[in-house]
Amino acid sequence: MGSVRTRIPPSPTGYLHVGNAWAAFFNWLFARRHGGQVVLRIEDTDPTRSSAEYERAIYEDLRWLGIDWDEGPDVGGPYGPYRQSERAGLYRAAAEELVARGFAYPCYCTPEEIEAERARAQAERRPYRYSGRCRHLSAEARRAFEAEGRRAAVRLDLAPFRDPSRARPGGWLELRAQDGAERLCVVVRDLVRGEVAFPLDELDDFLVVRSDGTALYNFANVVDDHGMRITHILRAVEHLSNTPRQLLLYHAFGWDPPEFAHLPVLVGPDRRKLSKRHGDAALREYREALYLPEALRNFFALMAWYPEDGREIFSTEELVARFDLKEIGRASPVFDRQKLLWMNGEYLRRLLREDPDRLVDLVAEYLHRQGLLDDPTDPDRRAYVRRVVEVLGERIKEGADVLRYGDFFFLDQPNYDPPAVDAHLRTAEAARVLHLAAAALEGVRPFRADRVEAALRAMAEEHGLSMRQVVHPLRVALTGKTVGPGLFELMEVLGPDRVRDRLREARKLAGAAEPAV
Numbered sequence: 000m001g002s003v004r005t006r007i008p009p010s011p012t013g014y015l016h017v018g019n020a021w022a023a024f025f026n027w028l029f030a031r032r033h034g035g036q037v038v039l040r041i042e043d044t045d046p047t048r049s050s051a052e053y054e055r056a057i058y059e060d061l062r063w064l065g066i067d068w069d070e071g072p073d074v075g076g077p078y079g080p081y082r083q084s085e086r087a088g089l090y091r092a093a094a095e096e097l098v099a100r101g102f103a104y105p106c107y108c109t110p111e112e113i114e115a116e117r118a119r120a121q122a123e124r125r126p127y128r129y130s131g132r133c134r135h136l137s138a139e140a141r142r143a144f145e146a147e148g149r150r151a152a153v154r155l156d157l158a159p160f161r162d163p164s165r166a167r168p169g170g171w172l173e174l175r176a177q178d179g180a181e182r183l184c185v186v187v188r189d190l191v192r193g194e195v196a197f198p199l200d201e202l203d204d205f206l207v208v209r210s211d212g213t214a215l216y217n218f219a220n221v222v223d224d225h226g227m228r229i230t231h232i233l234r235a236v237e238h239l240s241n242t243p244r245q246l247l248l249y250h251a252f253g254w255d256p257p258e259f260a261h262l263p264v265l266v267g268p269d270r271r272k273l274s275k276r277h278g279d280a281a282l283r284e285y286r287e288a289l290y291l292p293e294a295l296r297n298f299f300a301l302m303a304w305y306p307e308d309g310r311e312i313f314s315t316e317e318l319v320a321r322f323d324l325k326e327i328g329r330a331s332p333v334f335d336r337q338k339l340l341w342m343n344g345e346y347l348r349r350l351l352r353e354d355p356d357r358l359v360d361l362v363a364e365y366l367h368r369q370g371l372l373d374d375p376t377d378p379d380r381r382a383y384v385r386r387v388v389e390v391l392g393e394r395i396k397e398g399a400d401v402l403r404y405g406d407f408f409f410l411d412q413p414n415y416d417p418p419a420v421d422a423h424l425r426t427a428e429a430a431r432v433l434h435l436a437a438a439a440l441e442g443v444r445p446f447r448a449d450r451v452e453a454a455l456r457a458m459a460e461e462h463g464l465s466m467r468q469v470v471h472p473l474r475v476a477l478t479g480k481t482v483g484p485g486l487f488e489l490m491e492v493l494g495p496d497r498v499r500d501r502l503r504e505a506r507k508l509a510g511a512a513e514p515a516v
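Position 395 of the sequence shown, counted from 1, bears residue number 394 in numbering that gives the first Met the number 0, the numbering being contiguous throughout.
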C-alpha cells in the first residue's frame, strides 16, 4: 500500500460526540497502522452554527482521546487552508473548471420553480428528479435571467455520463442487469461493503454550488479530499448514498478517487441508531465522568473490529499493529454502556497498580468538579484523596462510583439513606451499639484499621453482640449507606475525631443519646 492519508472532518457546531469520535479514531488507527498521515479539516460552512469555541473544544477532545494529526488548521501543512470557510475561492475556481469542461452548467431556477416541479412529480406519483431545464439555456436566456436579478447556482451535468459507451466491465460505471433491464450503474467498490451499484437513472443533475456561491457538501468534500491528497475515506455507512455523486464529480474533474470504507452505524441495545439516551454524549462528558482515554480507545476499536483471537484488552500500540479493515464487520455494533463501564474499570484498576499518582490527580479533579474538593492541587488534600482511592480500590469503575461509595469522605455529615436509617439506626439495639462503640474507640491510638477492628471485636464479645450487629449500624452511622468499602479501613481514613462526631450525631437519629448499657 502506498502512502496513506486519511482525514478527520468535524463540524464546529457543537461538542464532539462519541459517534464522531469513534469514526475519527478509526481514521487515525488506519493511518497509523500503515505509517500514513492524518489530516484534520474543519467543516465550518455553516456560519450561523459554527464557533471558534467549539473548534477549540474539538482540538482538545481529540488530543485527550489520543488522536493527533499531521496537518490541520492549528498545525498548518502544504495543502491548506484546512477550514472550509477559508476555501471559498478554491470551490469557485473548481466550479468554473467543471463548467468549462462541459460537466456542469449554471442553473437559474427559483425555489418556487423547483417546488412546482416537485409537486408535479408527487402528483404523478414518481420520484422527483430535476428536469434539466437550464442545461441548454442560450447565452441570451442567461443574460435575461441575470437582468431579472437571478443569481445562478451550478449543477453537475449527468448527460455526458449517460452514454452507455462509457461503461466498462470492472469499472466505476458499468451496465448491470437490474429489475429485469440493463441499467447503467455507478459502482462503489467499498473496502468494507464490497460492491454497491447505484443506477444512474435514479440520480439527477444535482447542485454543486448554491446561488449565493456556497459549495454544497458533496462538491466541497471532493474538492477538499482531492486537494489534500486524501487516499482513504473511512466514514459511517450513512454517507454511502453520497458516494456515487462524489464519484461522478471525481470523474468529471478527471481525478482519481480515493478508496472508500463505510463503517457500520452504531446502535443502542434496542438496535436503534445511537442517541444520547444510549450514551452518544459529548466525548468530554465521558472525560469528566472519569473515563480514561485508553479505555475509550480500546472500546472504540472493538466496536465493528473483531480480532480473530477474541481478545478484548489491547494497548494502543497493539491496536495500531493489528488493525485490519478486513476484520471490520458490516453489522451495526451495539454501543454497550455496561461493557464500556467494565472496560474502564479494568483500566482504572491497572492505573491504581501502575500509576496511582495519575489516578489520584484524576479523582481529585473529578471531586473538584463535583464541588467536594476546594483545591485539587493542595498536597494535604491530595494525600487524603490517595487514601480514599486506596480504600475504594476496585469499586471505582467511573466517577459516579467515587460518590456512590465514598462521598461521605468529603462531607461534614453523610447523606443518610432513609431506608438504611430505618433498618439499622432507628432501633434500641442500634443506639446501644453506637454508644458502646464510641466508648470502645475512645482510647484507640494510633487509629489504624487493625486496632479499630480489634477494639470493636473485643467490645462485641464483652457485651454478647455479633459483629453483624455491630457493623451494620456503624456503617450507616458513619457513611449513610449500607454498602461501601471495608468498615475498619474507612474508619481509619475518617480519623478518630470525625468517627466520634458522626457516632454522636447518629445516636440522635437512633433516638437515644445516652442509652442504658
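Glycine is no exception: its CB is placed at the ideal position from the N, C-alpha and C atoms. Computed from a prediction, not measured in an experiment: that's the story for all the values here.
Own chain, CB closer than 8 Å to residue i, minus 5 neighbours either side, in chain order
i, result
"K480", "Y404, F407, P413, D416, A419, R474"
"L28", "A300, L318, V319, F322"
"R296", "F24, L64, G65, T315, L318"
"R167", "E173"
"G485", "V390, A448"
"P292", "W63, L64, G65, R286"
"P46", "S84"
Per-residue DSSP class, three states only, for residue i
i, result
"P198", "strand"
"Q36", "strand"
"A522", "Only positions 0 to 516 of the chain appear in the structure, and residue 522 is not among them; the question remains open."
"L206", "strand"
"A214", "strand"
"K338", "helix"
"E513", "The pLDDT assigned to E513 is 48, lower than 50, so where the model puts this residue is not dependable, and the model offers no usable value."
"K480", "coil"
"I312", "coil"
"W564", "The structure shown does not extend to residue 564, since the chain is modelled only from 0 to 516, so the question has no answer here."
"V333", "strand"
"V384", "helix"
"K396", "coil"
"V469", "helix"
In DSSP terms, what residue i is bridged to
i, result
"R82", "I41"
"Q177", "A180"
"A152", "C106"
"L233", "A260"
"D69", "Answer is none; D69 lacks a bridge partner."
"A546", "Because the chain spans 0 through 516 in this model, residue 546 falls outside it and cannot be assessed."
"G193", "D189"
"I7", "L39"
"L172", "V185"
Counted within 10 angstroms of its Cβ, other Cβ atoms place residue i as buried (16 or more) or exposed
i, result
"A515", "At A515, the pLDDT of 47 sits below 50, so the modelled position is not reliable and the matter cannot be decided from this model."
"R244", "buried"
"E123", "exposed"
"P332", "buried"
"L247", "buried"
"V185", "buried"
"V401", "buried"
"Y285", "buried"
"Y90", "buried"
"R54", "Per the sequence shown, residue 54 should be read as Glu rather than Arg. By the neighbour-count rule (16 or more Cβ atoms within 10 Å), E54 is buried."
Heavy atom of the ligand HEM within 7 Å of residue i beta-carbon
i, result
"A166", "The ligand content of the structure shown is nil, which means the ligand HEM is not present either."
Residue nearest to residue i in terms of C-alpha spacing, selected from the options
i, options, result
"N343", "D308, I395, K325", "I395"
"L358", "L324, E397, G370, Q337", "E397"
"W68", "T5, G510, V195", "T5"
"R82", "G75, D43, H250, P355", "D43"
"T109", "F487, L206, Q337", "L206"
"N217", "R380, A459, A94", "A94"
"V17", "P256, D162, Y346, F299", "F299"
"G34", "T230, A399, V185, G463", "T230"
"L508", "R368, G101, E428, P445", "E428"
"G212", "P306, E287, S84", "S84"
"M227", "V264, Q36, R48", "Q36"
"A363", "D377, R352, D354, L350", "D377"
"W171", "Y249, V470, A180, G75", "Y249"
"Y129", "A118, W304, R48", "A118"
"G369", "P355, F409, R385, E345", "Before going on, a small fix: residue 369 reads as Gln here, not Gly. Closest by alpha carbon: F409."
"Y107", "Y78, L199, E147", "E147"
"G13", "E504, V470, R283", "R283"
Cutoff 7 Å; reference residue i; Cβ partners in own chain excluding five residues on either side
i, result
"E52", "none"
"R506", "A430, L433, H434, A512"
"R161", "L183, L199"
"L502", "L433, A436, A437, A476"
6 Å Cβ shell around residue i - same chain, five flanking residues per side excluded
i, result
"L32", "Inspection of the sequence shows that residue 32 is occupied by Arg rather than by Leu. Cβ neighbours of R32 beyond the five flanking positions: V319, F322."
"H225", "W254"
"N241", "N217"
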